[in-house]
Every structure is written in structure tokens, then in C-alpha cells.
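Student: To convert, note that position 180 of the sequence shown is 180 in the numbering used here; the numbers rise steadily by one, no gaps. Ideal Cβ positions, reconstructed from N, Cα and C, are used throughout, including at glycine.
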Amino acid sequence: MAGHSKWANIKHRKAASDAKKSKITTRMVKEITIAAKMGGSDVGSNPRLRLAVEKARENNVPKDNVERAIKRGSGELEGVDYVELRFEGYGIAGAGIIVDCLTDNNTRTVAEVRHAFNKYHGNMGTDGCVSFQFKHCGQLIFAPGTNEDALMEAALDAGAEDVITNDDGSLEVITAPHDYVEVKNALEAKGFSAELAEVTMKPNTETELTGEDAKKMQRLLDAFEELDDVQDVYTNAVMNEEE
């Protein structure tokens, strides 16, 4: 099937992801802790924990940090009790935003997220107001010039749900969230290295923003990323600040 995501926007997302690396250890430790709390400490039988540990490994989080986080989550060690919170709302031109948090203080987190929405021209909405516009899935994005037929065959053999060809020549492999790690490893074994790979909330449609609107939207997203309790921020906005 065809898609219209722009390669420039994909690279922008990768740059934004790389910019978060200063906070990656803290965020990964939180995610590992909550994953072990929710589904147990056995990586083999806990898909969420397996994904969190894999992501931590990719980001060079020390093994000791990972093991302590698992023990805290499973109750073997004392630690902070994190709670998951999801906020939904609207940014510039009504673009959808999802902000996922892990916190030990609900009141603080609600206040900080609401303040960011209000300060940067967004509006916090009700539960479910925009999440229906997104699909929870694994997404692996490959650069233009990747062998489409070979990638499609390898991806579908590995259990991927779909392979999308974008107008700019980039390719996307879509997986169920719990199949992401297996598909990613299978593709890497066959020589396919994704430019961007993550379990994400993929928008079903996109809202293109240009010029000043794009800059305002980026400031809003950056404000969320700066908050200590925020784990992930998703949007259906495609931003081109140069136009």
C-alpha cells in the first residue's frame, strides 16, 4: 500500500529521538520497573518487559541498572511506585497529541502537562479524544533505495503485518507491538537495518504544518519532552518549518 510520510519528517523524528538520549536511562529504568510490576520479571513471558530490556540494551543502559529495575518492579527490592498516565489533546491547527507518563505524583504530573498545553497554545482534552486516530504498533522505517521486494519478503516471513511504500521511496514495516522485537531481529539478521525503529502510536492520518505553525507546534512538543515524568510524546503533525 502507498503512504505519504516524508523522509525529511522521518529524519526529524530520528533527530528528536536522539536528542532525548540524555534522559534515556531514567526513562528506560522507569519503563522496565513498571513492565516488571505489571507482568512479572520473566522476560520470556512478559512482552512489554522484553521490549523495554531490548530498548535499554540498544541505548547502552548499564546492565546493573536494568537488573535493579526489574527487581524493584517485581518487589524484590524497594523502590518508587510508578503509575501510568496518558494525556490526550490538541496542538496547533487541531493536530492530535498523546503524552504518556510514568509518575510517582499524579497531581504534579497533571499540573505540569496541563500547563504545557496552555502555555504553548494547545488544549488538553478528555480520555480517548485523539487516540482513536492512532494505531499502537511496531514501526521500522528504511531509507529510500532499500530493496523493496526483498524487504517485503523478509518482513512478511518474519511475521510483520504490512510493508508500506511511501511516495519518497522510504519503506515502513508495521508489526503488532508484541512481534516488534522478533521482526526487527529477523530483518537485521538478513541485513536490513532500520533508520528508525520503535513501538509507537502511528497516526492514521497526518496534519501538515508549515512556517510559524510548525515552529509553534515544535515548541509545544519540546515542552512535553522536557518534563521529567513524560515517557513518550506522539502526534499526527508533520512539520516543515522552512515553508
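Indicate whether A69 and T103 have their beta-carbon atoms separated by less than 8 Å.
Tutor: No, the Cβ-Cβ distance between A69 and T103 is not below 8 Å.
Student: So, is S45 buried or exposed, given that buried needs 16 or more other C-beta atoms within 10 angstroms?
Tutor: Burial call: exposed.
Student: How about D100 and D232: do their beta carbons lie closer than 8 Å?
Tutor: Contact: yes.
Student: Could you give the DSSP three-state label for E198: helix, strand or coil?
Tutor: It is a strand residue.
Student: By the 10 Å Cβ neighbour count, where 16 or more other Cβ atoms means buried, how is K119 classified, buried or exposed?
Tutor: Result: exposed.
Student: Within the stretch 70–126, note down every full alpha helix (DSSP H) run reaching 4 residues or more, in order along the chain.
Tutor: Complete alpha helix (DSSP H) runs here, min 4: 106–119.
Student: Tell me which residue opens and which closes the alpha helix (DSSP H) that V29 is part of.
Tutor: I24 to G39 is the span of the alpha helix (DSSP H), which, as asked, contains V29.
Student: Can you have a look at A223 and say buried or exposed, based on whether 16 or more other CB atoms are within 10 angstroms of its CB?
Tutor: With 16 or more other Cβ atoms within 10 Å, it is buried.
Student: State buried or exposed for G94, treating a residue as buried only when at least 16 other CB atoms are found within 10 Å of its CB.
Tutor: Its Cβ having fewer than 16 others within 10 Å, G94 is exposed.
Student: Which parts of the stretch 151–223 are runs of the alpha helix (DSSP H), unbroken and 4 residues or longer, counting only runs that do not cross its ends?
Tutor: Counting only runs of 4 or more, we get 180–189.
Student: Just the C-alpha distance for G128 and F87, rounded to the nearest angstrom, thanks.
Tutor: If you take the alpha carbons of G128 and F87, they lie about 9 Å apart.
Student: Roughly how many whole angstroms lie between the Cα atoms of A2 and P144?
Tutor: For A2, the pLDDT reaches just 44, beneath the cut-off of 50, and the residue's location in the model is therefore unreliable, leaving the point undetermined.
Student: Can you give the beta carbon distance from H121 to L220, rounded, assuming they're within the 8 Å contact cut?
Tutor: Going by Cβ atoms, the distance from H121 to L220 rounds to 7 Å, so yes, they are a contact pair.
Student: Near S5, which residues of its chain fall below 6 Å by C-beta distance, leaving aside the five closest residues on each side in sequence?
Tutor: Here the model assigns S5 a pLDDT of 49, short of 50, so the residue's position is not dependable and the matter cannot be decided.
Student: Indicate the three-state DSSP secondary structure (helix, strand or coil) for N65 in the structure shown.
Tutor: Correct three-state label for N65: helix.
Student: Rounded C-beta distance between V181 and E54? I'm assuming under 8 Å.
Tutor: Yes, they are in contact, since the Cβ atoms of V181 and E54 sit about 5 Å apart, within 8 Å.
Student: Hey, could you find the ends of the beta strand (DSSP E) A237 is sitting in?
Tutor: Here the beta strand (DSSP E) through A237 covers A237 to N240.
Student: When you compare each of A150, E161, K216 and I141 to A116 by their alpha carbons, which one comes out closest?
Tutor: Nearest C-alpha to A116: K216.
Student: Looking at the secondary structure, which residues open and close the alpha helix (DSSP H) in which L227 lies?
Tutor: No alpha helix (DSSP H) holds L227; DSSP gives it neither H nor E.
Student: According to the neighbour-count rule (16 or more other Cβ atoms, all chains shown, within 10 Å of its Cβ), is A89 buried or exposed?
Tutor: Position check: residue 89 holds Gly in this sequence, whereas Ala was assumed. By the neighbour-count rule (16 or more Cβ atoms within 10 Å), G89 is buried.
Student: With a CB to CB cut of under 8 Å and the five nearest residues on each side skipped, what residues in its chain are close to V230?
Tutor: These residues qualify, in order along the chain: V99, D100, C101, V113 and F224.
Student: Rounded to the nearest angstrom, how far is the Cβ of A176 from that of V163, given a contact under 8 Å?
Tutor: Going by Cβ atoms, the distance from A176 to V163 rounds to 14 Å, so no, they are not a contact pair.
Student: State the Cα-Cα distance for the pair V66 and V199, rounded to the nearest angstrom.
Tutor: Spanning the two alpha carbons is a distance of roughly 19 Å.
Student: Would you tell me roughly how many angstroms separate the C-alpha atoms of E188 and G138, rounded to the nearest one?
Tutor: For E188 and G138, the distance between alpha carbons rounds to 15 Å.
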